[in-house]
Each structure stands twice: as C-alpha cells, then as structure tokens.
C-alpha cells in the first residue's frame with residue numbers, strides 16, 4: 023500500500039459526514055475541525071475510541087493492516103490534507119502519530135469518567151485549545167451535535183444540556199448556538215466543579 027499518492031486532493035467533510043473506507047488507503051492530516059474514530063473487532067459493535075483534532079494524522083491503523091473495522095466521522099466541519107512522505111520523513115510521522123494516539127486515548131478517560139460537568143468542561147477546553155491554544159479568556163469554537171457530545175461523554179443528552187444551562191447561568195458560557203459556543207475559558211479552567219452541579223453530574 024502506497025502512503026503517498028501525489029494526485030490525492032484535500033477532503034472537506036461536513037459535520038456528521040464519514041470518511042469513505044476507500045479513502046483510508048491514504049494517510050491524512052486533520053487541518054481543521056474534529057473527528058471521532060470508532061473501532062470494532064470482528065463480530066462486535068463499533069465503539070468510540072478517540073478524537074482526532076487539528077494536526078493529528080489519521081488512517082494509520084488501516085495503513086499498517088489492522089483487522090479492526092474503523093469508522094471516522096466528522097464532528098464539526100473538517101478539512102483533511104493527504105500525507106505525502108516517504109523514508110525517514112514517513113517514519114517520523116508514524117512515530118509522532120503513535121505518541122498523539124496515546125495522548126488522545128488518555129484524554130478519553132477524562133471525557134468519560136467523573137462528574138458530567140467535568141467531562142463537558144474537558145471537551146469544551148479541548149475544542150477551544152485545538153482552535154486557539156493562545157486564547158487567554160474568551161474562547162469560541164465549533165461544537166458537535168448534542169447527541170454526539172453525549173455519546174462521546176458517555177452521558178445522557180439531557181444531563182449534558184443541564185450542564186450547559188448551569189454554565190450559561192454562571193456566565194461561563196456567554197453564547198451557545200446548536201453547533202457553536204463562546205465561553206470564558208479562563209474562568210472555566212479554574213473551576214474545579216461547576217457550582218450548582220453535584221459530584222455525580
């Protein structure tokens with residue numbers, strides 16, 4: 023399998039659009055947006071495995087011959103560019119990808135354990151940092167659909183919605199449209215537990 027296909031063009035995906043299986047013969051670097059990567063072993067249902075954020079390389083599992091059924095879907099509007107490298111440069115990219123994948127898997131623990139308010143906080147800050155890591159206070163970023171966030175966070179959509187309501191009342195969340203939010207990242211980062219939310223929510 024050739025990891026470098028010179029005439030491969032960038033791909034743009036809308037929110038909830040999947041990357042075609044045929045495109046996974048090529049390595050891609052996520053230039054903008056966020057994706058979810060699901061995996062399933064033979065005979066098992068597909069499960070959320072990790073996120074992919076700007077700068078991440080995706081498609082390595084298929085490229086190295088993994089038997090797992092991989093599914094990659096955009097959570098927000100996404101731009102992918104083909105990875106065109108060989109030799110030492112490709113080896114460096116693969117090593118970098120292993121490190122990043124390990125980091126993303128560790129992040130999943132923060133996104134799926136503990137109070138739901140903390141999970142939502144982690145997700146918001148991850149998305150904001152991926153867009154503008156230098157933002158000191160107000161952050162604005164695209165967000166997945168509520169049902170996608172609930173699935174990633176292993177929480178009920180109603181609970182996630184209540185957390186957003188609490189954030190808005192406390193003015194952490196200054197504006198929230200269905201797939202976009204503006205919030206005070208500095209105040210949110212400093213808050214250990216969202217006031218008004220219990221340790222279980």
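In my numbering, the protein residues as written are 23 to 223. The C-beta atom is built at its ideal place from N, Cα and C for all residues, glycine as well.
| Check | Outcome |
| --- | --- |
| Count the other CB atoms, across all protein chains shown, that sit within 10 Å of the CB of residue 31; report buried if there are 16 or more and exposed otherwise. | exposed |
| Whose CA, out of 178, 165, 181, lies closest to the CA of residue 202? | 165 |
| If we ignore side chains and look at the alpha-carbon of each, how far apart do residue 85 and residue 37 end up? | 25 Å |
| Taking residue 132 as the reference, give the member of 145, 190, 122, 155 with the closest Cα. | 145 |
| Comparing C-alpha positions only, which one of 175, 208, 171 sits nearest to residue 134? | 175 |
| Would the segment 91 to 110 and the segment 41 to 57 be scored as touching if the rule is three or more Cβ pairs under 8 Å? | yes |
| Rounded to the nearest angstrom, what separates residue 25 and residue 112 at their Cα positions? | With a pLDDT of 45 at residue 25, under the threshold of 50, the predicted position of this residue should be treated as unreliable, and no value is reported. |
| Compute the distance between the beta-carbons of residue 54 and residue 101, then report whether it is under 7 Å. | yes |
| If you draw a straight line from the C-alpha of residue 23 to the C-alpha of residue 208, how long is it? | Legend: pLDDT at residue 23 = 42, less than 50; position of this residue unreliable, value from coordinates given subsequently. Those two C-alpha atoms are separated by around 46 Å. |
| Do residue 79 and residue 103 have their CB atoms nearer than 7 Å? | no |
| Please classify residue 63: is it buried, with 16 or more other beta-carbons within 10 angstroms of its beta-carbon, or exposed? | exposed |
| By the 10 Å Cβ neighbour count, where 16 or more other Cβ atoms means buried, how is residue 137 classified, buried or exposed? | buried |
| So residue 103 is in the beta strand (DSSP E); what residue range does that whole segment cover? | 100 to 104 |
| Determine the direct distance from the alpha carbon of residue 109 to that of residue 187, and round the result to whole angstroms. | 51 Å |
| In the DSSP assignment, what are the bridge partners of residue 174? | BP columns for residue 174 are empty, so no partner. |
| Looking at C-alpha atoms only, which residue of 66, 67, 179, 196 is the closest neighbour of residue 17? | No information on residue 17 is available, as it lies outside the stretch 23 to 223 that the chain covers here. |
| With DSSP as the reference, label residue 27 as helix, strand or coil. | Confidence is the limiting factor: at residue 27 the pLDDT is only 45, short of 50, which leaves the residue's position unreliable, though a coordinate-based value still follows. Correct three-state label for residue 27: coil. |
| Excluding sequence positions up to five away, which residues of its chain have a Cβ less than 7 Å from the Cβ of residue 195? | 186, 189, 203, 205 |
| Would you kindly report the start and end of the unbroken alpha helix (DSSP H) that includes residue 151? | 138 to 153 |
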